[in-house]
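Asks: Protein sequences, first through last, are from chains A and H.
Heads up: the first sequence begins at -4 in my numbering, then just goes up one per residue.
Heads up: the second sequence begins at -5 in my numbering, then just goes up one per residue.
Before we start, here is the structure in question, set down as structure tokens.
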Amino acid sequence: MPDVLIADDSEFMRNLLREILEEDHTIVGEVENGVEAVEVYKEQTPDLVMMDIVMPIRDGIEATSEIKDSNPNANVIMCTSVGQEEKMKEAVKAGADGYITKPFQKPSVMEAIEDVVPS
Amino acid sequence: MNVDIQSLGTFNQLAHEGAKQATQSLAQMTGIDAVVDVTKITLLDRADIGEDLAGRDFVGVQFEYEGVLEGDTVLVFDAESADTIADALMAGASDDPGMAQSAVKEIGNIMMSGFIDGWADYLDSTIDHSPPEYIEKSGAAVLPEAPETGDHRQVFVFKSEIEWVGESVNFYIYMLPEYEPLAEAMVESVDTEGDAIPIDKLQTFNEMTTKGTQQAADNVEMMTGIPTEAEVTQISFAPIEDVPKQIGTDTYVGTVVEFTGVPSGYLMVLFDEVSAVNVAEAMMPVEMDGDGLDDQHKAAIEELGNIMTSGFVDGWANVLQTSVDHTPPKLVHDMGRAIVDPLAAQVGQHQEHAFIIDSKMQTDDIEFSAEIHALPNEQELRAALDDLDVDRADETEADVEQIFE
């Protein structure tokens, strides 16, 4: 099963993502800001990071950029409420591999993951 | 037509002074101690005028006026207060329905004469008005038909709220001027061209905000399964000190974010307490024990506020081809005015008046309603509207698949 790190400042959203993913994935960590996301990524090197954008301390785009700098093969899917074109372009520039907008349902999450980390 | 900030401020002040004059007339006639609570100018869709009066019965008076400004104006109050007000003018008037109606007409006549005369004096012209017509209706029907606006669906409405001190009685003055005379009066009162906003851009922005509200409502529906409809979207202009009064004294639960970019400002997503519990429980996978809001409810509200905020502002960013960032949502649970006060104080460091963007949504299925209020920096909103290409107004959604191809 692929290892997944969930980075989202919302406890509610972390719980929701965990429920969606835990049947087919191993959740290696749940963090609530971009700094922790980078730290845990470097410790665990999971197969996939589900990354929120709007988070305190360091946002998800900066964290993605840092993770991609440390490992260009890292897989990061932005999982965010932000639906702005400019922000999506920033995410592409930072190296994001996929983008899901909240609110989402399980099929769209699984489809995005399949695109990035084929089973 | 351009509206400049100074003339909007002047017209708002004029309506406020007119309402004060009406209040003084009321005090002289009846001894009622009343104050003008809020005066604001609102740009909204014709169909939404008087939405805030829904579900209540009113009595009052209506006038037509013509001259330098033309249109209709009404002074109304809750029907259940009519007897109290009639008796304040003449003891025992409420015992005789004909006398009570006459008293209401006379109070309205004197109050509104003061209101209209103030406008005429400022505009250095005359405004004639018809004799008062007694009205007794429910909800928005108590207001006159919205004026013809040519190609424009949106209209300016001047609204003042007068509070009877110590009593739960409010008087409402609505003035619905016809578009062309108002536009001419505004153009003539323009002092500077530099801060003018083309009215078509303000209207386009209002339409974009309506789409943003519907997106936020769709997001609520997707997260909760509660069918949710956007109800009203409007842009109001009021002095900073009046902004908190508009949110009222009811208790709300919701989120506040600061957004940065062009424009910057603050955005609140607010639920009344019952709605907050209902919507949070609809988001939970399991039924919750106990009453009231616990930490899980609050976490759900925080995330819903976050997603609604994005749904609301993303359209602005996409049409303006810019990005609008916002801070993580901060949960608030307090009286409406107390939530808004510190935000208005922040915005008020740079400006005397504010544009307030208000949206409402609700559902018939369960008790649920939500309000979104945005308080943008006025100069930056003006800059954003300068850059707004009205031909792009439909392009509120980004195509994620194309970007990630």
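Built from N, CA and C at the ideal position, the CB exists for glycine as well.
(1) Would you kindly report the start and end of the unbroken alpha helix (DSSP H) that includes Val341/H?
(2) Taking C-beta to C-beta, are Ser304/H and Thr96/A nearer than 9 Å?
(3) Between which two residues does the alpha helix (DSSP H) carrying Pro91/H extend?
(4) Kindly list, in the order they appear in chain H, the residues whose Cβ is closer than 7 Å to that of Asp4/A.
(5) In whole angstroms, what is the alpha-carbon distance linking Arg53/A and Ala179/H?
(6) Could you tell me whether the segment 315 to 327 of chain H touches the segment 226 to 243 of chain H, where touching means 3 or more Cβ pairs closer than 8 Å?
(7) Round the Cβ separation of Gly108/H and Ala21/H to the nearest angstrom and send it over; I've been treating them as touching at under 8 Å.
(8) DSSP has Met181/H in a bridge; who is on the other side?
(9) I think Ile62/A touches Val44/A, with their Cβ atoms under 8 Å apart; what is that distance to the nearest whole Å?
(10) Exposed or buried, what is Met202/H when buried is set at 16 or more other beta-carbons lying within 10 Å of its beta-carbon?
(11) Answer yes or no: do Met50/A and Glu34/A have a C-beta to C-beta separation smaller than 9 Å?
(12) If the criterion is Cβ atoms closer than 9 Å, does the pair Ala276/H and Ile156/H meet it?
(13) DSSP state of Gln100/A, grouped into three classes?
(14) Taking the continuous alpha helix (DSSP H) assigned at Met83/A, which residues delimit it?
(15) So Gly133/H packs on Arg40/H, CB below 8 Å; how close in whole Å?
(16) List the endpoints of the continuous alpha helix (DSSP H) containing Pro238/H.
(17) Distance cutoff 9 Å, beta carbons only. Does Pro51/A sit that close to anything in chain H?
(18) Restricting to runs no shorter than 4 residues, where is the alpha helix (DSSP H) found entirely within the segment 152 to 237 of chain H?
(19) Answer yes or no: does any C-beta atom of chain H fall closer than 9 Å to that of Pro102/A?
(20) For Asp385/H, count neighbouring C-beta atoms within 10 Å of its own C-beta (all shown protein chains included) and say buried if the count is 16 or more, exposed if not.
(21) Ordered along the chain, which non-local residues of its own chain (more than five positions away) have a Cβ less than 6 Å from that of Thr21/A?
(22) Run the CB neighbour count on Val268/H, radius 10 Å, all protein chains shown included, and call it buried at 16 or more, exposed below.
(23) Per DSSP, which residues does Phe253/H bridge with? Please list them.
(24) Can you give me the C-alpha to C-alpha distance between Asp272/H and Glu361/H, rounded to a whole angstrom?
(25) Counting beta carbon pairs with one atom in the segment 367 to 377 of chain H and one in the segment 254 to 270 of chain H, are three or more of them shorter than 8 Å?
(26) Interface residues of chain A around Glu296/H at Cβ under 8 Å?
(27) What residues of chain A sit near Ser304/H, judged by a beta carbon separation below 7 Å?
(28) Does the beta carbon of Val44/A come closer than 9 Å to any beta carbon on chain H?
(29) What in chain H is Cβ-close to Val87/A, meaning under 8 Å?
Replies: This is what the structure gives:
(1) Residue numbering aside, residue 341/H sits at position 347 when the second sequence is read from its first letter. Element bounds for Val341/H: Gly330 to Val341.
(2) For this step, residue 304/H is matched to residue 310 along the second sequence. For this step, residue 96/A is matched to residue 101 along the first sequence. In this structure, Thr96/A lies closer than 9 Å to Ser304/H by Cβ.
(3) Stepping through the second sequence from its first residue, residue 91/H is reached at position 97. Annotation for Pro91/H: the continuous alpha helix (DSSP H) segment containing it runs Pro91 to Tyr116.
(4) Numbered from its first residue, the first sequence carries residue 4/A at position 9. Neighbours of Asp4/A on chain H, chain order: Pro322.
(5) The residue labelled residue 53/A in the question sits at position 58 within the first sequence. The residue labelled residue 179/H in the question sits at position 185 within the second sequence. The alpha-carbon atoms of Arg53/A and Ala179/H are separated by roughly 51 Å.
(6) Touching, no, given that fewer than three Cβ pairs across the two stretches are closer than 8 Å.
(7) If you number the second sequence from 1, residue 108/H lands on position 114. If you number the second sequence from 1, residue 21/H lands on position 27. Between Gly108/H and Ala21/H the beta-carbon gap is near 11 Å, outside 8 Å, which marks them as no contact.
(8) Within the second sequence, the letter at position 187 stands for residue 181/H. Reading the sequence as shown, one finds Val at residue 181/H and not Met. DSSP lists no beta-bridge partner residue for Val181/H.
(9) Against the first sequence, residue 62/A aligns to sequence position 67. Against the first sequence, residue 44/A aligns to sequence position 49. At roughly 7 Å, the Cβ-Cβ gap stays under 8 Å, so Ile62/A and Val44/A are in contact.
(10) Position 208 of the second sequence, counted from the first residue, corresponds to residue 202/H. A residue is called buried when at least 16 other Cβ atoms come within 10 angstroms of its Cβ; Met202/H meets this threshold and is buried.
(11) Translated into positions along the first sequence, residue 50/A becomes position 55. Translated into positions along the first sequence, residue 34/A becomes position 39. In this structure, Glu34/A does not lie closer than 9 Å to Met50/A by Cβ.
(12) Sequence index remark: in the second sequence, residue 276/H carries index 282 (1-based). Sequence index remark: in the second sequence, residue 156/H carries index 162 (1-based). The answer is no: Cβ separation not under 9 Å.
(13) By one-based count along the first sequence, residue 100/A stands at place 105. In the three-state scheme derived from DSSP, where H, G and I count as helix and E and B as strand, Gln100/A is classed as coil.
(14) In the first sequence, counting from the first residue as 1, residue 83/A sits at position 88. It spans Glu80 to Ala89 - the alpha helix (DSSP H) in which Met83/A sits, taken as one unbroken run.
(15) By one-based count along the second sequence, residue 133/H stands at place 139. By one-based count along the second sequence, residue 40/H stands at place 46. In fact, because the Cβ distance is near 16 Å, the residues do not count as touching under 8 Å.
(16) Taking the first residue of the second sequence as position 1, residue 238/H is located at position 244. Unbroken alpha helix (DSSP H) run through Pro238/H: Val237 to Ile241.
(17) Start at 1 with the first residue of the first sequence, and residue 51/A comes out as number 56. Output row for Pro51/A: interface = yes.
(18) Segments of the alpha helix (DSSP H) lying fully in the segment 152 to 237 of chain H: 173 to 182 and 193 to 218.
(19) As a position in the first sequence, residue 102/A is number 107, starting the count at 1. Not one chain H Cβ lies under 9 Å of Pro102/A.
(20) Locating residue 385/H in the second sequence gives position 391, counting from the first residue. Asp385/H should be labelled exposed.
(21) Translated into positions along the first sequence, residue 21/A becomes position 26. Within the same chain, Cβ atoms closer than 6 Å to the Cβ of Thr21/A are found at Met(-4) and Asp(-2), the five residues on either side in sequence being excluded.
(22) For the purposes of this step, residue 268/H is identified with residue 274 of the second sequence, where counting begins at 1. So Val268/H counts as exposed.
(23) Counted from its first residue, the second sequence places residue 253/H at position 259. Here Phe253/H is bridged, per DSSP, to Gly259/H and His320/H.
(24) The residue you call residue 272/H lines up with position 278 of the second sequence. The residue you call residue 361/H lines up with position 367 of the second sequence. For the record, residue 272/H in the displayed sequence is Asn; it is not Asp. The straight-line gap from Cα to Cα measures roughly 7 Å.
(25) Between the segment 254 to 270 of chain H and the segment 367 to 377 of chain H there are three or more C-beta pairs closer than 8 Å, enough to call the two in contact.
(26) Taking the second sequence and counting its residues from 1, the one referred to as residue 296/H is at position 302. Here the neighbours are Ser5 and Phe7.
(27) Mapped onto the second sequence, residue 304/H falls at position 310. Here the neighbours are Ser76, Val77 and Gly78.
(28) Within the first sequence, numbered from 1, the residue matching residue 44/A stands at position 49. With respect to chain H, the C-beta atom of Val44/A has no partner C-beta closer than 9 Å.
(29) Taking the first residue of the first sequence as position 1, residue 87/A is located at position 92. Neighbours of Val87/A on chain H, chain order: Ile397 and Phe398.
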